[in-house]
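Protein chains in written order, with UniProt numbering: chain A, 1 to 307; chain B, 1 to 293. Virtual Cβ for every residue (Gly too), placed ideally from N, Cα, C. Reading through the structure tokens given below for one structure.
Here is the structure:
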């Protein structure tokens, strides 16, 4: 998402198109609008509607009031899936954020290796979650994988066969895939900090740790919010990775909300309750994004900075 | 920017630029940066060397040792397993979605910028901005329903249509930010020359927006090429498999034949790496050429 988006602040020019003339461009927005309504907005409203129906995915759809909601909320699988999702969200944030900031600060300060590192750091972003999961599955084989390769006994564990270890592996693979991206975001933010601030603090005799906490961190506050929003909201929708890497297992120990929804809907043919889970997913995303925005104490700008 | 002091002798610290000083002292972040690079590279190195090992060789040699007897047999096996078909499917889906998605997003972005003040366009823009927050996973069930009703289930078009829709919000955002920076005088002089908005769109805005178009194309192409959920839910027969789905099936089919799995992963990643390599250069040249005149 390293876009070429220009800075958000600009002088508002008088509108070039008078309302009479703008009629000639309005139609140009119609194809995109129709396409987005058909496969974005209608499905969004549709999922809410479907959560009040009973449907097996093949036959007719029957309106059934709150039946699906009752079924979905009574299912002990739901609180478990919410807990797993929460666990993934918090743990992956805790692992990714400090490492990304640290690497970002480093990348911002080095000129020599920045280009080289940025190119290689980008590689995990090119790969599909399916390819990544398949690779890690093979690499974590207790007999022929990582452990055997490095000759380290500790690495020869049944990584995906134990629920705690499987969760650890999941967090690690998520971090492997996304830390480089967040490091690049932080790198961009740190480079925006005026050097004069460091100069001033140096004259005041501040050490580097002091500088990091009293200049760098406060200055990249909004980037931290942006990056955290991407991490937190993104973690709600981890599907491919979990589906291929652990399949939600062992048992149901890594079955997060998106996977729970898929299995309910497309494996158990309970589209009604699955739609309820989807609604919960959308709401959680919106609420979390808003909460994080409040935390930043600033509006839309925080979403644009540094990305 | 950091002024790199070539000699090792300590310069008076006031003279060195603060960021450079930070680098010198930020040994922890530096170490972490290189360690993380190592961690990033391990699986990539491993998957490539393993793809050239024979199966027997894989089991007896060290996991991280290069193949003692490199072979292309794994690639041959993967290619014999219909990978070409899956590959073409992915190409068709990606191209079939990207081209219309970028074009209609570009038109919409142009309209939104040129028609500032128009209420309909303002609402359209807000709708797209809101769309940034809709996760594909959450609406997959109604999308599935729509695709069945359109009788498109188990076709490549089923993957293409939602892919286009979900590429639109971010594309419009990026492209409209870019078009907004085109100097107003250029639009004005086009108008003086009697050009229509449609003509201005293609002859002025399109070439000037090329860097952003390339960015948007690459970003969306990556997402669609690597897409997993849409093919999983909207197709069924092996004929319609795209690459990520095919990889998962290979994994089941090849079982313990890790080198063959490694070859399938490597082979299917090459086009993306190429696209990225080409795109990076185009991105830079587009930036300089577009505004050089």
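Between residue 73/A and residue 271/A, the gap from beta carbon to beta carbon reaches 9 Å or more. For residue 248/A, not one C-beta of chain B is nearer than 9 Å to its own C-beta. Going by DSSP, residue 176/A is part of the alpha helix (DSSP H) stretching over 163 to 192.
Counting only residues of its own chain and dropping the five nearest sequence neighbours on each side, residue 115/B has a CB closer than 6 Å to the CB of 121. Nearest to residue 70/A by C-alpha distance, out of 84/A, 60/A, 53/A, is 53/A. Where residue 84/B is concerned, the enclosing alpha helix (DSSP H) starts and stops at 84 to 114. Residue 36/A is positioned such that its CB atom lies no closer than 9 Å to that of residue 38/B.
With a beta-carbon spacing of about 7 Å, residue 77/A and residue 252/A fall inside the 8 Å limit used to define contacts. Counting C-beta pairs closer than 8 Å gives fewer than three between the segment 219 to 233 of chain B and the segment 44 to 59 of chain B, which falls short of the contact rule. In the three-state reduction of the DSSP assignment, residue 53/A falls in the strand class. For residue 238/B, there are no neighbours in chain A by C-beta distance under 8 Å, as the nearest C-beta there is about 16 Å away. Boundaries of the alpha helix (DSSP H) around residue 197/B: 197 to 200. Residue 106/B holds the alpha-carbon nearest to the alpha-carbon of residue 31/A among 70/B, 36/B, 106/B.
Contact between residue 109/B and residue 176/B holds: CB atoms are separated by about 4 Å, below the 8 Å threshold. With contacts defined by Cβ atoms closer than 9 Å, residue 108/A and residue 191/A form a contacting pair.
Judged by DSSP in its simplified three-state form, residue 169/B adopts helix. Judged by DSSP in its simplified three-state form, residue 135/B adopts coil rather than helix or strand. Within 8 Å of the CB of residue 176/A, the CB atoms of chain B belong to 39, 40, 43, in sequence order along the chain.
The beta-carbon of residue 217/B is placed no less than 9 Å from the nearest beta-carbon of chain A. For residue 76/A, the three-state secondary structure derived from DSSP is coil.
The C-beta distance from residue 245/A to residue 152/A rounds to 22 Å, too long to fall under 8 Å, and the pair is not in contact. Between residue 46/A and residue 266/A, the CB-CB gap reaches or exceeds 9 Å. The beta carbon of residue 158/A is closer than 6 Å to those of 142 in its chain, skipping five residues each way along the sequence. Within chain A, the residues whose beta carbon sits less than 7 Å from that of residue 197/B are 24, 25, listed in sequence order.
In the DSSP assignment, residue 240/A falls within the alpha helix (DSSP H) that extends over 240 to 245. Within 8 Å of the CB of residue 270/B, no CB atom of chain A is found; the nearest one sits about 10 Å away. For residue 54/A, the nearest beta carbon of chain B is not closer than 9 Å to its own beta carbon. Less than 9 Å separates the beta-carbon of residue 93/B from that of residue 224/B. CA-to-CA, the gap between residue 95/A and residue 85/A works out to about 15 Å. Within the model, the alpha-carbon separation for residue 194/B versus residue 203/B is close to 13 Å. Short of 6 Å from the beta carbon of residue 63/A, and not among the five residues preceding or following it, lie these beta carbons of its own chain, in chain order: 53. A straight line joining the alpha-carbon of residue 171/A with that of residue 53/B spans about 30 Å. Residue 254/A is classed as buried because its beta carbon has at least 16 other beta carbons within 10 Å across all chains shown. DSSP places residue 205/A outside any alpha helix (DSSP H), giving it a letter other than H or E. With a 10 Å radius around the Cβ and a threshold of 16 neighbouring Cβ atoms, residue 65/A comes out exposed. Where residue 234/A is concerned, the enclosing alpha helix (DSSP H) starts and stops at 221 to 236.
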